Every structure is written in structure tokens, then in C-alpha cells.
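Novice:
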Amino acid sequence: MKNGSLVKLIDVHKTYRTGEMEVPAVRGVSLEIKRGEFLALMGASGSGKSTLMNILGCLDRPTSGSYFLDNADVSGLDRDQLADIRNRKIGFVFQSFNLLPRTSARENAELPLVYSTQRLSHAQLRERADRVLASVGLAGREDHPPSQLSGGQQQRVAIARALINDPEVLLADEPTGNLDSRTSVEIMAIFQQLNERGITIIMVTHEQDIAAYAQRNVVMRDGVVVDDRVVPQRSDAATQLEQPLPSTL
Amino acid sequence: MRIAPTFNVAYRALRRNKMRSVLTALGIIIGVGAVIAMVGIGNGAKAQVEAQIASLGQNVILIFSGSTTSSGIRTGWGGAGTLKIEDAEAIRREVPGVIGVSEEVVSTTQVAAGNQNWFTRIFGESADYFDIRQWPLSDGAPFTPQDVRSANKVCVIGRTTATQIYGNENPIGQILRIKNVPFTILGVLTPKGLSPQGVDQDDIVVMPYTSAMKRVSGGTTLRNINVQIGDPGQIAAAQQQIISLLRQRHNIRPGRDDDFTVRTQEEIAEAATATSRVMTVLLGAIAGVSLVVGGIGIMNIMLVSVTERTREIGVRMAVGARGNDILTQFLIEAVTLSSVGGLIGIVCGIGASALLSTYAHWPTLISIGSIAIAFLFSAAVGIFFGFYPARKAAALDPIEALRYE
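So the protein sequences, as listed, match chains A and B.
Under the numbering used here, think of the first position of the first sequence as 80, with each following residue one higher.
Under the numbering used here, think of the first position of the second sequence as 188, with each following residue one higher.
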């Protein structure tokens with residue numbers, strides 16, 4: 080595992096240009112995330128956390144500064160190279176699930192493999208999608224389209240889709256934002272379980288109690304990191320699910 | 188990228204909006220169908236004209252008396268009376284490669300037999316005429332060179348003339364009175380149908396030109412001379428030789444216009460098919476416009492589709508689709524629309540041509556080539572008009588696409 084550092088940001092800036100005005104969104108963030116961490120990125124809206132998330136997800140490039148992912152500098156790559164990095168190393172989970180409508184859970188989960196350089200047979204594709212769907216508790220629902228699944232189930236399909244290419248890092252942008260609290264805990268239980276299996280997770284959230292499921296919280300304000308600490312009393316989603324939650328009733 | 192799932196995605200996207208896809212494809216169906224049917228009609232007309240020109244005979248050179256511009260007075264073909272019987276004999280004698288010559292005089296008159304009479308055309312010809320025009324007799328026998336030399340009162344008649352005068356009776360051996368001269372009918376020509384100008388070629392009496400000049404029309408000059416050449420390669424040379432021979436015989440000084448016109452069958456065919464060729468191009472072009480309109484319909488729907496599926500494009504990009512993958516996906520969709528439309532259009536076009544030839548009796552001709560071109564063209568329309576929307580999709584910014592509501 081080399082030096083154990085999976086993500087390394089060095090003085091990353093991102094400035095948007097609207098006409099003559101230059102709007103700085105991220106103003107010098109240096110951050111190191113180790114393999115196997117579960118980190119929550121927090122901050123109010125406008126704090127620059129979404130912009131930083133886009134850079135971490137290789138959807139956007141920093142204006143200046145360096146971004147090393149898995150010891151490779153990705154800050155200067157072009158569109159196609161970034162697409163390949165996203166395909167091989169990053170799994171996305173979105174607030175609004177972003178599943179393809181009228182498409183079965185299995186085919187949604189298979190989607191990254193369609194753009195993969197690996198050549199898999201139709202049967203292998205199917206086998207892998209079913210396995211990863213089963214790992215998030217969706218065995219038996221492989222053929223259901225999103226419209227026949229609950230919000231929590233849809234988010235699990237999205238997690239399965241993020242995991243199918245064995246990514247280095249799972250990026251979740253407000254993954255519980257559209258879910259009720261019990262379902263949110265269920266999703267956190269899956270995240271913690273995945274993290275225990277060694278998957279690195281970076282999660283953007285503005286909810287303190289959701290951030291409490293992570294190991295480490297990084298707080299941003301006005302484009303800079305203002306707080307970076309280890310969560311002192313970590314919530315354990317699995318234990319919470321065993322007892323009835325007063326808040327959901 | 189994997190191609191099979193991409194086709195699958197395209198297929199599903201098209202099926203999701205069934206009505207929209209059908210209507211979009213309809214533009215291409217109509218376009219391709221129109222191209223197939225219109226070009227079929229044009230080619231059919233051309234083929235018909237060509238067949239009629241071929242019925243003039245093979246390797247034929249036609250010499251008309253008079254020139255279209257003789258000393259400023261436009262006398263037209265056959266109008267000047269400058270061709271003599273001796274000219275024809277000289278051609279027969281002196282031009283190499285000639286295998287048949289027929290002196291021709293034409294008049295129209297009333298013919299009668301029994302209590303029936305009929306107004307028809309009288310062609311005076313030599314005995315070579317039936318070979319030159321490849322016009323065999325269906326009954327009886329043609330007149331002979333001896334009949335021509337002796338100006339015998341014999342003739343053969345066309346099918347129309349035969350039925351008009353004799354009905355179902357056998358005309359062979361009967362007497363036909365032309366200008367009160369009794370002619371014996373030797374045979375009946377096989378039916379030839381309409382000429383390119385719409386004249387009934389079977390409404391005719393053919394007799395030795397000597398008899399026609401002496402007993403019917405009374406003239407001493409020929410309207411035209413039909414010459415047949417044995418080897419197609421010699422036609423051009425023979426044409427030149429006939430021109431110089433006739434100029435010499437008619438004492439035309441260098442620099443003066445000919446008082447005759449020499450046309451090869453090829454030149455006549457060229458002129459006759461030019462019209463139908465122009466018609467084919469014109470019809471095809473008009474139909475092509477509807478194909479382009481169909482293509483614009485595809486572009487329109489693809490633009491709508493790209494906007495509607497902006498989020499899907501964002502998701503695909505987020506999980507690793509490159510710009511080219513997105514481009515290919517939308518291009519495949521557009522080409523699927525246009526080529527499926529093209530295939531249906533081909534079937535419709537063939538059907539429309541079949542209906543036209545059955546009910547309107549228009550000759551139509553559909554070649555494999557025109558089908559292949561129409562299909563390739565429809566696919567090309569899909570690529571051409573699908574490219575702009577597809578490129579637009581491929582150029583989307585994944586972040587904005589994901590945020591699109």
C-alpha cells in the first residue's frame with residue numbers, strides 16, 4: 080500500500096470566472112487522506128465543499144495546486160484521462176441517487192463497466208452486478224427499475240454502481256439528503272461496513288449526526304479548511320439499527 | 188466502450204418515446220420512399236424511351252433531306268427534297284461497312300378495300316427496310332428487291348391498318364386500293380406499339396419506294412435514307428464518309444451548309460433520353476428535399492432528447508464515459524432512426540412504384556443501385572443531422588449536467 084496516502088491535495092485553489100469578476104471557491108486547501116479512512120467533509124453552503132468534492136471526484140480541475148490520487152498527479156489531465164480515472168478509481172453516490180430511469184437495478188449497477196476497458200462477457204457482467212447488489216442487500220431486486228424501489232433501495236443501487244469497478248475511493252455527496260432518518264442510518268450502516276472492509280470513503284454532509292458516523296471530520300468555511308479532527312464518539316449504525324429508534328416513530 | 192449495450196441503450200431510448208420515434212422516422216420514410224418512387228418513375232420513362240429508340244433498328248444512320256439551317260431558311264428534316272435515289276445508290280456502292288440501305292418516301296392518304304376505308308401513312312422503302320428496322324412480319328412475306336426494281340403493286344401493312352380495314356379477316360392476298368391503284372397485300376407486320384413521339388407505328392402501309400413514288404406520291408425525291416452499318420465501330424467513320432460523299436454529289440462548296448442532315452441512332456437516342464434524364468434528376472432532387480426535411484426532424488428530436496437526458500449524460504460521464512462514448516451513443520440513436528426509416532421507406536417506395544405502374548400504367552424501374560443509394564443516403568442523413576446534437580451532448584460539462592433539473 081505504498082505510503083498509505085491515497086489522496087493528497089497541496090495548496091489547491093479553484094476560482095470561477097463570471098464575466099470580469101473572479102470568484103474564489105476554494106482558496107488553498109491542503110489535505111491528506113489515507114487509505115481506509117472514512118472522512119466527512121462538512122460546511123455550510125457556499126463554503127466550497129462541493130467544489131472541493133468535484134475536484135476530488137476528478138469532475139473538475141483545480142485552478143492551481145496539485146492533486147495526487149493514488150500517488151499519481153491528476154491535476155493536469157485532460158477530459159478523457161479524467162473520465163478514465165473516474166471509471167477506474169472513483170465511485171460516486173449522489174444525493175438524488177441519479178439512477179437511469181426505466182432501467183433495471185442490475186443494468187444501473189453495470190453502467191461503469193460499459194465504459195470500462197476491461198472486456199467482460201455478458202454473463203460476467205451480470206454475475207458481478209448481482210454480486211455487488213447482493214452485498215448492499217438487494218438480492219432478488221435485480222430486475223426492478225428505480226420507480227419500483229424505495230428511496231433507500233435506490234441509494235443502495237447507486238452504492239452498488241459505485242462499487243462495481245472496485246474503486247480506490249467512494250465519494251458520497253449528501254448521500255442521506257433525500258432519505259428519512261431510519262433509512263439514513265441504514266445507508267450509514269452500509270458505509271461503515273464497506274469501510275471496515277477497507278474501502279476509503281469521502282462523504283460530503285452538512286448534518287452533524289451523519290458526520291458522526293465517519294472517523295474524521297473536515298470542516299470548510301469560505302474556501303479553506305477550518306477544522307480537521309478525529310470524531311471522538313463515533314456513532315455505530317449497526318447497533319442503532321438493532322434497537323428501535325425513537326426518532327423515526 | 189462496449190458497442191452492444193450502446194445499441195441496446197439507443198433501442199430503449201427510441202422505444203421509450205414510441206410515438207415520437209415513429210413520427211421522426213416518418214420524415215425519413217416519406218423522404219426515402221419519395222426518392223425511390225420518383226427515381227423509379229424517371230428511370231422507367233428513360234428505359235421506355237431507350238427501348239423505343241432501339242426499335243429504330245441497330246447501327247442505323249439516318250439521312251434526311253434538307254438541313255435545319257439551309258441558307259438561313261429552316262426547312263426542317265425531310266422538307267427540302269434534296270435527296271435523290273442516286274444518292275442512296277452511291278452510298279450503297281461507295282461507303283464501306285454498309286449492309287443495308289433503304290430509300291424512304293412518306294405520304295398520307297386514304298386507303299380502301301371493299302366497303303372499308305382508312306386514312307393511314309404510306310411508307311415507300313427498299314427490301315432492306317425490314318432488316319434495318321428489325322421489323323419482321325407476323326404473317327406472310329415481305330416484298331423483294333425484284334418488286335422494288337419493277338415497282339410492283341404490292342405492300343405489307345401494319346397491325347392497326349389490318350384490323351381497321353379487314354377486322355378479323357386474313358388480309359394476305361387481298362387487294363388494297365390506294366389512290367385507286369390496286370395493291371396486293373403480301374404480309375402483316377408484327378405490332379411495334381407507340382413511337383417515342385406517341386405515333387402508332389402499326390398504323391402503316393409499307394410498299395416498294397419505287398411503287399410509292401410512281402403510283403402514290405408522285406414525287407421524285409426521297410424524304411430520307413436509312414443506312415445500316417454492319418460493325419458498330421464503323422458508324423462514326425461511315426457517318427463522315429456519307430457527309431463528304433453527299434456534299435460532293437450535291438456540289439456543296441467548302442464553308443457552305445449541308446443540304447441534308449445525317450444523324451446516327453445514338454445521337455437520336457441521346458436527344459430523346461436527355462429529357463427523361465433531366466426529369467429523373469429533377470424528381471429525385473425534389474424527393475431529396477423531403478429527405479433533408481426528414482433529417483432536420485431527426486436533428487430536432489435529437490436536440491430535445493439531449494436536453495431531456497442531460498442528467499443521464501452527466502451520470503454516464505461521472506462513471507467514466509468519455510466524450511466520444513456519449514457522441515457515439517447519440518449518433519447510433521440518430522442513425523438507427525434514419526436507417527430504420529430508410530428501410531421502411533424503401534419498402535414504401537417500391538410499393539408506391541408498383542401501385543403507379545399497376546393503376547396509372549406508368550413504367551417504373553427500380554434498380555438495386557437506387558435502393559442501395561437511398562439506404563446509404565438515409566444513414567448519411569442520420570449521421571449528418573445527428574452529429575450536431577451528439578456533439579452537443581458530448582461537450583456537456585459533467586458537473587452542470589449532473590445538476591441539471
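Just so it is clear, CB atoms sit at the ideal spot from N, CA and C, and this is done for glycine as well.
Since the structure is predicted, the reported quantities are computational estimates derived from the model, not experimental observations.
Does ARG240/A come within less than 8 Å of chain B when only Cβ atoms are used?
Specialist: At least one chain B Cβ lies under 8 Å of ARG240/A.
Novice: Where DSSP assigns a beta bridge to GLU312/B, which residues make up the other side?
Specialist: In the DSSP output, where bridge partners are listed per residue, GLU312/B has PRO395/B.
Novice: Closer than 8 Å, Cβ to Cβ, to anything on chain B: give me those residues from the region 103–131 of chain A, in chain order.
Specialist: Cβ contacts with chain B: none found.
Novice: Taking GLY256/A as the reference, which of THR97/A, GLY127/A, LEU161/A, GLN234/A has the closest Cα?
Specialist: GLY256/A has its Cα closest to that of GLN234/A, out of THR97/A, GLY127/A, LEU161/A, GLN234/A.
Novice: Going by beta-carbon coordinates alone, are PHE562/B and ILE483/B separated by less than 8 Å?
Specialist: Against a cut-off of 8 Å, the Cβ pair of ILE483/B and PHE562/B comes out as no contact.
Novice: Between the alpha carbons of SER252/B and ARG450/B, how many angstroms are there, rounded?
Specialist: Distance between the alpha carbons of SER252/B and ARG450/B: 11 Å.
Novice: Rounded to whole angstroms, what is the Cα-Cα separation between VAL479/B and VAL392/B?
Specialist: Their backbone Cα atoms lie some 54 Å apart in a straight line.
Novice: Do three or more CB pairs link the region 297–310 of chain A to the region 243–260 of chain A at distances below 8 Å?
Specialist: With the cut-off at 8 Å, the region 297–310 of chain A and the region 243–260 of chain A do not touch.
Novice: Taking only beta carbons into account, state which residues of the region 505–522 of chain B come closer than 8 Å to chain A, listed in chain order.
Specialist: Going along the region 505–522 of chain B in chain order, one finds ALA505, VAL506, GLY507, ALA508, ARG509, GLY510, ASN511, ASP512 with a Cβ nearer than 8 Å to chain A.
Novice: With a threshold of 7 Å on Cβ separation, who are the neighbours of PHE171/A within its own chain once the five nearest residues in sequence on each side are excluded?
Specialist: GLY136, ALA241, LEU250.
Novice: Please list the terminal residues of the continuous alpha helix (DSSP H) segment that includes ARG205/A.
Specialist: From DSSP, the alpha helix (DSSP H) with ARG205/A extends over 201–214.
Novice: Buried or exposed: which applies to GLY259/B, given that a residue is buried once 16 or more other Cβ atoms fall within 10 Å of its Cβ?
Specialist: Reliability of the predicted coordinates at GLY259/B is poor, the pLDDT of 49 falling under 50, and no value is obtained from them.
Novice: Can you tell me the Cβ-Cβ gap for THR515/B and THR193/B, rounded? I've got them flagged as a contact below 8 Å.
Specialist: Right, their Cβ atoms sit about 6 Å apart.
Novice: In chain B, which residues lie less than 7 Å from PRO191/A when you measure between Cβ atoms?
Specialist: Here the neighbours are VAL506, GLY507.
Novice: Given GLN319/A, which residues of its chain have a CB within under 7 Å of its CB, disregarding the five upstream and five downstream residues?
Specialist: Answer for GLN319/A: VAL264, listed in chain order.
Novice: Are the beta-carbon atoms belonging to ARG498/B and TYR575/B less than 8 Å from one another?
Specialist: Against a cut-off of 8 Å, the Cβ pair of TYR575/B and ARG498/B comes out as no contact.
Novice: Determine the contact status of GLY287/B and ASP315/B, defining contact as a CB-CB distance below 8 Å.
Specialist: Cβ distance < 8 Å, so GLY287/B and ASP315/B count as in contact.
Novice: Classify THR494/B: buried if its beta carbon has 16 or more other beta carbons within 10 angstroms, exposed otherwise.
Specialist: Counting Cβ neighbours within 10 Å, THR494/B comes out exposed, since fewer than 16 surround it.
Novice: Have a look at ASP318/B and GLU281/B and give me their C-alpha separation to the nearest angstrom.
Specialist: Taking the straight line joining both Cα atoms gives about 20 Å.
Novice: Please state if the CB of VAL196/B and the CB of GLY471/B are separated by a distance shorter than 8 Å.
Specialist: Their beta carbons are not under 8 Å apart, which means GLY471/B does not touch VAL196/B by this criterion.
Novice: With distances taken between CB atoms, is the gap from GLU291/B to PHE306/B smaller than 8 Å?
Specialist: No, these two residues do not count as a Cβ contact at 8 Å.
Novice: With the cut-off set at 8 Å, would you say GLN294/A and ARG313/A are in Cβ contact?
Specialist: Yes, they are a contact pair.
Novice: DSSP on GLY265/B, reduced to helix/strand/coil?
Specialist: Residue placement at GLY265/B cannot be trusted, given a pLDDT of 49 that sits under 50; what the coordinates show is reported in the next sentence. GLY265/B falls in the coil class under three-state DSSP.
Novice: Just verifying my parser: in three-state terms, what is the DSSP assignment at ARG181/A?
Specialist: Of the three classes helix, strand and coil, the one that applies to ARG181/A here is coil, per DSSP.
Novice: Alpha carbons only, please: which of THR348/B, GLU273/B, THR350/B is nearest the one belonging to THR407/B?
Specialist: If we check each option's Cα against that of THR407/B, GLU273/B comes out closest.
Novice: Do GLY214/B and GLY507/B have their C-beta atoms within less than 8 Å of each other?
Specialist: Their beta carbons are not under 8 Å apart, which means GLY214/B does not touch GLY507/B by this criterion.
Novice: Looking at chain B, which residues of the region 155–172 of chain A have a Cβ within less than 7 Å of any of its Cβ atoms?
Specialist: Hits within the stretch, in order: ARG158, ASP159, ALA162, ASP163, ARG165, ASN166, PHE171.
Novice: I want to verify the contact list: residues of chain B whose CB lies under 9 Å from the CB of ASP362/A, in sequence order.
Specialist: One cannot answer for residue 362/A here, as it falls past the ends of chain A, which runs 80 to 328.
Novice: Could you pull out every residue in the same chain whose Cβ sits closer than 7 Å to the Cβ of GLY265/B, ignoring the five residues on either side in sequence?
Specialist: Below a pLDDT of 50, predicted positions are generally treated as unreliable, and GLY265/B, at 49, falls in that range; the measurement from the model is reported next regardless. If we look at GLY265/B and ignore the five residues flanking it on each side, its Cβ neighbours are PHE251, SER252, GLY253, ARG410, ASN411.
Novice: Can you find the residues in the same chain that come closer than 7 Å, C-beta to C-beta, to ARG207/B, ignoring five residues on each side of it along the sequence?
Specialist: Closer than 7 Å at the Cβ level, and outside the excluded window around ARG207/B, lie ILE488.
Novice: Name, going along the chain, the residues of the region 176–187 of chain A whose beta-carbon falls closer than 7 Å to a beta-carbon of chain B.
Specialist: Cβ contacts with chain B come from ASN177, LEU179, ARG181.
Novice: What residues from chain A crowd round ARG498/B, counting only those whose CB sits closer than 7 Å?
Specialist: Near ARG498/B (Cβ distances below 7 Å), the residues of chain A are ASN177.
Novice: May I ask you to report which of helix, strand or coil DSSP gives ILE169/A?
Specialist: In the structure shown, ILE169/A sits in a strand (DSSP, three-state: E or B).
Novice: Where does GLU321/A land, buried or exposed, given buried means 16+ other C-beta within 10 angstroms?
Specialist: Answer is exposed; the Cβ neighbour count stays below 16.
Novice: VAL209/B CB to nearest chain A CB: under 8 Å?
Specialist: No, VAL209/B does not count as interfacial toward chain A.
Novice: I need the boundaries of the alpha helix (DSSP H) containing MET206/B, first residue and last residue.
Specialist: Taken as a continuous stretch (DSSP letters only), the alpha helix (DSSP H) holding MET206/B covers 205–241.
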